[in-house]
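As structure tokens, the structure follows; a few thoughts come after it.
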Amino acid sequence: MLAWILMAALLLQSPEYPYEIGEYAVTINISEGKVHERIDITLENYDSLDIFEYSFLYPLENLEVYDTTGSIKHEIRSDLLLCYVNLRGSRQYTFTIEFDTAGYTSPVKEGKWVFSPIFQFSVPVHNFYIEITIPADMAVVSPIYPTPTSFYSYRESLVVKWKKEDLEEGEEFLILLGYKPVTTPSSQRFLIYYLGITASLAFVTGLYLGRREKPRPEYVVADEKVVLDVIKKAGGKIIQSDLVKNTGFSKAKVSKILSELESRNVIRKEKYKRSNLIFLEE
């Protein structure tokens, strides 16, 4: 009887997850239509972990996976990067994933781009950091979401940072950052003033409201990106009914997004049988 009680107690004390992420630090250097991304991951391992899975939506170029001792064996299967970490027992382990990708950047209009990554994890993350460096020949424009934790100039570039503590399993962290080529020498200096005022206003508003709601336009931009990606994959034109199927959005939602994109001359619609033919504008 005592043995059963002890066994039950041990089971109750066992960790809920085989591992958790102590720190997930993303460093991004952004350019027109492309980003270089480095992810430093510190795992808090509790048992045995042979493979760490990294999920991605777009092709990874110049991929490297390594730790302090050198390269780590890895392979890509469908939309998963499998990293063979081979951990045993309770220990902390840090490794790095580094690559180039163009998938999370979308052209909007007049040379403007939107960088819109979404981070989501299958285990808790205790400390999440992301740092984005904008080169001197680019300037940040709206949208900027959420309000950055900090920002500063470095060798004529602008560095924007976000920090989030205690992300729960399945919780999403969305970032939206608009940018475009610099038109005047004062663009970056103006941006620093803009971000400073934005951060101050967000703080004051937060004190007054208690908790700020997520602005709707950011959801729209993220959904627009999904729609645009489907049109691009179809060769720049697609029937609206097929667009509904391929995005998984409702007919009403797709129609609303297309109307918004059409108003900005990003796409155009032509009547086709009982549906519309959607063209991506050059």
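Just so we're aligned, residue 2 is where the sequence shown starts under this note's numbering, counting upward by one. The C-beta atom is built at its ideal place from N, Cα and C for all residues, glycine as well. Here the structure is a predicted model, which means the values were calculated and not measured.
Check                                                                                                                                                                       : Outcome
Between L278 and K238, how many whole angstroms is the CB-CB distance? I'm expecting something under 8 Å.                                                                   : 6 Å
Would you identify the three-state DSSP class for K181, choosing helix, strand or coil?                                                                                     : strand
Taking the straight line between their C-alpha atoms, what separation do you get for Y59 and T102?                                                                          : 7 Å
Taking the CB atoms as reference points, tell me whether F174 and F120 lie closer together than 8 Å.                                                                        : yes
Taking DSSP's pairing of strands, which residues face D101 in a bridge?                                                                                                     : H37 and E62
According to DSSP, Y47 sits in a beta bridge with which residue or residues?                                                                                                : Looking at the DSSP assignment, Y47 forms no beta bridge with any residue, so it has no partner.
Out of E132, Y67, E111 and S49, state which residue places its alpha-carbon closest to the alpha-carbon of D150.                                                            : Here residue 150 is Thr; the residue named in the question, Asp, does not match the sequence. The shortest C-alpha separation from T150 is found at E132.
Can you grab the Cα-Cα spacing for the pair F57 / L81, in whole Å?                                                                                                          : 6 Å
In the DSSP assignment, find the unbroken beta strand (DSSP E) run with V86 in it and report its ends.                                                                      : L81 to R89
Within the chosen definition, does the region 126-145 reach the region 158-168 through at least 3 CB pairs nearer than 8 Å?                                                 : yes
Given a cut-off of 8 Å on the beta-carbon distance, is the pair Y180 and V141 in contact?                                                                                   : yes
Under a Cβ-count criterion, where at least 16 other Cβ atoms within 10 Å of its own Cβ denotes burial, should I145 be classed as buried or exposed?                         : buried
Count the other C-beta atoms from every protein chain shown that fall within 10 angstroms of the C-beta of G46, then say buried if there are 16 or more, exposed otherwise. : First, the residue type needs correcting, since residue 46 is Asn and not Gly in the sequence shown. Buried, by the Cβ-count rule.
At a cut of 8 Å, does the region 24-36 reach the region 72-80 through at least three beta carbon pairs?                                                                     : no
Taking DSSP as the reference, what is the three-state secondary structure of V115?                                                                                          : strand
Residues bridged to N128 by DSSP?                                                                                                                                           : E24 and E166
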